Structures are given as C-alpha cells and as structure tokens.
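Note that the sequence shown covers residues 121 to 446 in my numbering.
Note that the Cβ used here is the ideal one computed from N, Cα and C, for glycine as well.
This one's a predicted model, so the numbers in the text were calculated from it and none came from an experiment.
Here is the structure we will look at, set down as structure tokens.
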Amino acid sequence: MENIFDIKTEHDFLAASLRTFRCQYDNIEVYRKFVDYLKINPEEVRSLDKIPFLPIEMFKNHQILDKNVSTDLFFQSSGTTQMNLSKHFIADENIYKESIYKSFEQFIGKPEDFIFLGLLPSYLEKQNSSLIYMVDFLMKKSGKSENGYFLYNHEDLFKLLNDLKDKKVILFGVSFALLDFLDFCNSNSQTLRFSNTLTVIETGGMKGRKEEMTKDELLVILQEGFKTDKIYSEYSMTELLSQAYSLGQNEYQCPNWMRILIRNVEDPFSYEKDGKTGAINIIDLANIHSCSFIATQDLGKIVGDKFQVLGRIDHSDIRGCSLLVS
Numbered sequence: 121m122e123n124i125f126d127i128k129t130e131h132d133f134l135a136a137s138l139r140t141f142r143c144q145y146d147n148i149e150v151y152r153k154f155v156d157y158l159k160i161n162p163e164e165v166r167s168l169d170k171i172p173f174l175p176i177e178m179f180k181n182h183q184i185l186d187k188n189v190s191t192d193l194f195f196q197s198s199g200t201t202q203m204n205l206s207k208h209f210i211a212d213e214n215i216y217k218e219s220i221y222k223s224f225e226q227f228i229g230k231p232e233d234f235i236f237l238g239l240l241p242s243y244l245e246k247q248n249s250s251l252i253y254m255v256d257f258l259m260k261k262s263g264k265s266e267n268g269y270f271l272y273n274h275e276d277l278f279k280l281l282n283d284l285k286d287k288k289v290i291l292f293g294v295s296f297a298l299l300d301f302l303d304f305c306n307s308n309s310q311t312l313r314f315s316n317t318l319t320v321i322e323t324g325g326m327k328g329r330k331e332e333m334t335k336d337e338l339l340v341i342l343q344e345g346f347k348t349d350k351i352y353s354e355y356s357m358t359e360l361l362s363q364a365y366s367l368g369q370n371e372y373q374c375p376n377w378m379r380i381l382i383r384n385v386e387d388p389f390s391y392e393k394d395g396k397t398g399a400i401n402i403i404d405l406a407n408i409h410s411c412s413f414i415a416t417q418d419l420g421k422i423v424g425d426k427f428q429v430l431g432r433i434d435h436s437d438i439r440g441c442s443l444l445v446s
C-alpha cells in the first residue's frame, strides 16, 4: 500500500480507498464474508458510496485483522464489566503514531510546542485504552517536564494550571471529569486566571455520571468555566486509528486520509444529502490491517466540508466515548 499520509486530492482519496477495499476484501476474512453475504462483486465497486461498511459491532465478537499479520497489541473500548467490549488489534504501531501526529499537527499545531495534561480518570483506570495511548504519545513528543495525568486530584490540577498560565497548555479531558473539575473550582471559590494560552480538548463521554446535555450546552459551560474560547473536541473511537477535530461549534474536520459519509438510518445502502441527519459511516485509511470502512452507531450530518456529531442511534450500546445526546 502507498503512503496514505501523502493523499492530497479527492481523486487520490478515491483511488486509495478502492485499492484498500479490494486488499481488505482479499485479506480480512470477516470482511470478505460480510461483502459476499451482501452479494457484492468487489470489481464492480467504483465509488465510495458503493463500498460496504462493516457494522462496528463486529469488533465485539470477531478479530478484524489481515490474515498476513499477527499481533498481541490491541485497544479495547471502555464500558462496564457486563458489556462485550470491542477489541481493535494493531499490527503496526507506527501507522497509529503517524496518524496521531499528523492529525494533531494539521488542526492544532506541533506537539513539541505544548505541555500536555490529561484529565481522563475513566480511561486511566482501564487497560488498553487507545485514548491514553494517544495522549501518552503526544506527551513523549512534547517532552515537557510538566506533562502529566490527573485522576480526581482537582486541587493539584488547579494549582498547576495557574502555575502554567503563561505557557501553551493542552488539557485533554473526558466531559464529566472537566465538569467535575469546574464544580470543584466553583465550590472552593477558585477562579482560573489564564491568558489565551490554554486549550481544552474534550473527548466526549458522560458515562452516566452527569446529566446529559447537548454538545453546544457543554461547550458554553466549559468556555465560561475555563475562561477561554479554545474549547476543542476530538472524535475518534477504539475501532479507528485516526482522529477528527472540532475547533469549536461542534463542527469536525477529518485529516486527508479519513472521510465521513451519512447513511440513511432505515436503509444502510442509501446516503443522506448534506445537511440531513443520519448515521455516520467512516472511512479511515489508517486502518490498513483491520477494516477501513466502518458503519458506526453515531448520528451526524455533513455541514459543508465539516461534519457534526448529534448523538447515538436509539437502542445502541452506551460506549465509553459515547457522544452527547442532541
């Protein structure tokens, strides 16, 4: 496979997607069986909307992996112990690392320029988290001595954020933990005083610990609490090796090797026009050794060259990275 990170144009993306589709049909048993069950001839697929998208639930019950590789490394979705959790097996860590770096650089800046803090208690308490792997990698690239994680030690985080008020800081936080931190600040009459150097990147997820709210409501609370307009969002999941970023207003952008299609909720083989709500299909060409074509249980819509995430399809499992209900 050619280097997906060199994709520049829509023609490049289409060509790479079709080559990836045929390669994965040949080499990923579960995906081949799925395509054959649909009675689709791979040689007749010539556009993105004709590529079959594997239901994301398949990662819960099957090993989605190229037959020509083997690996012991996997990422596992968060959730309760009663859930059957998704596993994404990773044959080449370097692809994930390059995807992390180039996505972050494209939308935020060079990791080396920032101090990274993580307020990700639910993920730190579990093993095999792709989110923790991502933040770990960014911290290593940053190399700053102040980098670090926080569980529930809000006072320590508050002190450090104020000490770093003149430095460029990225705070990655799961939604409920960011709200808990602001509750701590308010209950202790603590006020964060920053110049415009703090960027908060929320990763979604209430996990039943907070009352659900819309993404827009969350962003307003975080902007007021942290005294900054730089409240960004990151969209990814265990089954992906790429990240989309929102720089505000709940509008996400994909890196050049990733695309979003919006399928009809009742007819998975038809697609909605721009501006119409449906279920999110994702093409992630970084998933070279698993499956690049995934039908999620998330709702969204295309807005120009960006997309919005609007919630979850009814009756789908609650995920650790579940999105805020619209």
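CA nearest to the CA of residue i, picked from the options
| i | options | result |
| --- | --- | --- |
| residue 187 | 144, 336, 222, 339 | 144 |
| residue 360 | 388, 354, 412 | 412 |
| residue 194 | 324, 208, 287, 239 | 208 |
| residue 283 | 252, 302, 391, 318 | 318 |
| residue 169 | 390, 397, 432 | 390 |
| residue 369 | 286, 210, 250, 352 | 352 |
| residue 267 | 278, 248, 289 | 289 |
| residue 310 | 296, 276, 403 | 276 |
| residue 322 | 134, 295, 286 | 295 |
| residue 281 | 235, 388, 189 | 235 |
| residue 228 | 396, 397, 350, 418 | 350 |
| residue 384 | 371, 418, 372 | 418 |
Cβ distance (whole Å) where residue i is taken to contact residue j below 8 Å
| i | j | result |
| --- | --- | --- |
| residue 299 | residue 305 | Actually they are not in contact, since the Cβ atoms of residue 299 and residue 305 sit about 11 Å apart, beyond 8 Å. |
| residue 224 | residue 258 | 6 Å |
| residue 433 | residue 382 | Between residue 382 and residue 433 the Cβ distance is about 12 Å, and since that is not below 8 Å, they are no contact. |
| residue 219 | residue 362 | 5 Å |
Residue i versus residue j: straight-line alpha-carbon distance, rounded
| i | j | result |
| --- | --- | --- |
| residue 425 | residue 380 | 10 Å |
| residue 182 | residue 405 | 20 Å |
| residue 238 | residue 196 | 19 Å |
| residue 233 | residue 374 | 22 Å |
| residue 230 | residue 221 | 8 Å |
| residue 254 | residue 217 | 8 Å |
| residue 274 | residue 420 | 33 Å |
| residue 440 | residue 265 | At residue 440, the pLDDT of 41 sits below 50, so the modelled position is not reliable and the matter cannot be decided from this model. |
| residue 205 | residue 198 | 7 Å |
| residue 191 | residue 263 | 28 Å |
| residue 445 | residue 431 | Here the model assigns residue 445 a pLDDT of 32, short of 50, so the residue's position is not dependable, and the following value carries that caveat. Answer to the nearest angstrom: the Cα atoms are 4 Å apart. |
| residue 442 | residue 269 | A caution first: residue 442 carries a pLDDT of 38, below 50, which makes its placement in the model too unreliable to give a value. |
| residue 324 | residue 346 | 17 Å |
| residue 320 | residue 343 | 9 Å |
| residue 162 | residue 407 | 19 Å |
| residue 410 | residue 285 | 42 Å |
| residue 334 | residue 226 | 27 Å |
Beta-carbon gap between residue i and residue j smaller than 8 Å
| i | j | result |
| --- | --- | --- |
| residue 415 | residue 175 | yes |
| residue 292 | residue 240 | yes |
| residue 316 | residue 348 | yes |
| residue 211 | residue 251 | no |
| residue 137 | residue 403 | yes |
| residue 133 | residue 171 | no |
| residue 377 | residue 125 | yes |
| residue 429 | residue 355 | yes |
| residue 372 | residue 427 | yes |
Identity of the residues DSSP links to residue i by a beta bridge
| i | result |
| --- | --- |
| residue 423 | 426 |
| residue 174 | 414 |
| residue 404 | 378 |
| residue 232 | According to DSSP, which records beta bridges pairwise, residue 232 is partnered with nothing at all. |
| residue 321 | 292, 352 |
| residue 366 | 353, 372 |
| residue 335 | Residue 335 is not bridged to any residue. |
| residue 431 | 419 |
| residue 383 | 391, 399 |
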